[in-house]
Amino acid sequence: GENVEQHPSTLSVQEGDSAVIKCTYSDSASNYFPWYKQELGKRPQLIIDIRSNVGEKKDQRIAVTLNKTAKHFSLHITETQPEDSAVYFCAASDRNSGNTPLVFGKGTRLSVIA
Amino acid sequence: EAEVAQSPRYKITEKSQAVAFWCDPISGHATLYWYRQILGQGPELLVQFQDESVVDDSQLPKDRFSAERLKGVDSTLKIQPAELGDSAMYLCASSAMGFRELFFGEGSRLTVL
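If you're matching them up, the sequences are chains A and B in order.
Everything in the first sequence is counted per the working numbering, starting at 219 for the first residue and increasing by one.
Everything in the second sequence is counted per the working numbering, starting at 19 for the first residue and increasing by one.
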């Protein structure tokens, strides 16, 4: 089955700097790669996702890149703000084979220091 | 905006007792998932339903855990008997078919004493 590794486990950045979180996956059949943000005590919420037919996707200060050959994908947050502080999870699944469940990484705790 | 509903939000129980969690997915979402999230880790799948059928329960500890979605709408996850290691957040999520977002509920936090 799919295995998703996520690094780093914790990340501290100064407000205004960029943050990068990296994930690798094992199953070459995976074709859907979402990123979820979970604030303390709250539910995980989707912030951005990418499909395997796309190499990069941007949404304002957030971007995700995908390298299918190397089986890794990354989340980039630019101009970080204190409200970006949260735990971020990457995930992967094969959405062509029915609704194969998402396999999550262990998460990255991002702290943005004002 | 439609949300996934879960109850109870918090449950404290003693080991060997039975507990049950309930989930009501977003209307029209055929796929329902139960995930377990241990503090400081990512969600791990317990069981997936497609309508009323179990699609994947390979990670569900079937000696003590059971899940059902009798009418293909709401779902119940039961643990009997509860063990200390079951303390975690139990998250329910639902989605439509295809490349669609998983919507999570607020979760049910279980503490086993």
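Here a beta-carbon is modelled for each residue, glycine too, at the ideal position from N, C-alpha and C.
Because the structure is a prediction, the values reported are computed rather than measured.
- What residue 74(B) touches in chain A, judged by beta-carbon distance under 9 angstroms, is 318 and 319, going in chain order.
- Per the Cβ contact rule, the stretch 85-92 of chain B is not in contact with the stretch 299-313 of chain A (fewer than 3 Cβ pairs under 8 angstroms).
- The three-state secondary structure of residue 252(A), taken from DSSP, is strand.
- Proximity of chain B to residue 323(A) at the Cβ level (cut-off 7 angstroms) is accounted for by 60, in chain order.
- In the DSSP annotation of this structure, the continuous segment of the beta strand (DSSP E) that includes residue 111(B) starts and ends at 106-113.
- Residue 88(B) does not reach chain A, its nearest Cβ partner there being about 20 angstroms away, counting only Cβ pairs nearer than 8 angstroms.
- Shown in chain order are the members of the stretch 106-122 of chain B whose Cβ falls below 9 angstroms from a Cβ of chain A: 109, 111, 113, 114, 115, 116, 117, 118, 119, 120, 121 and 122.
- Annotated three-state conformation of residue 277(A) is strand, per DSSP.
- Counting the other Cβ atoms within 10 Å of the Cβ of residue 71(B) gives fewer than 16, which makes it exposed.
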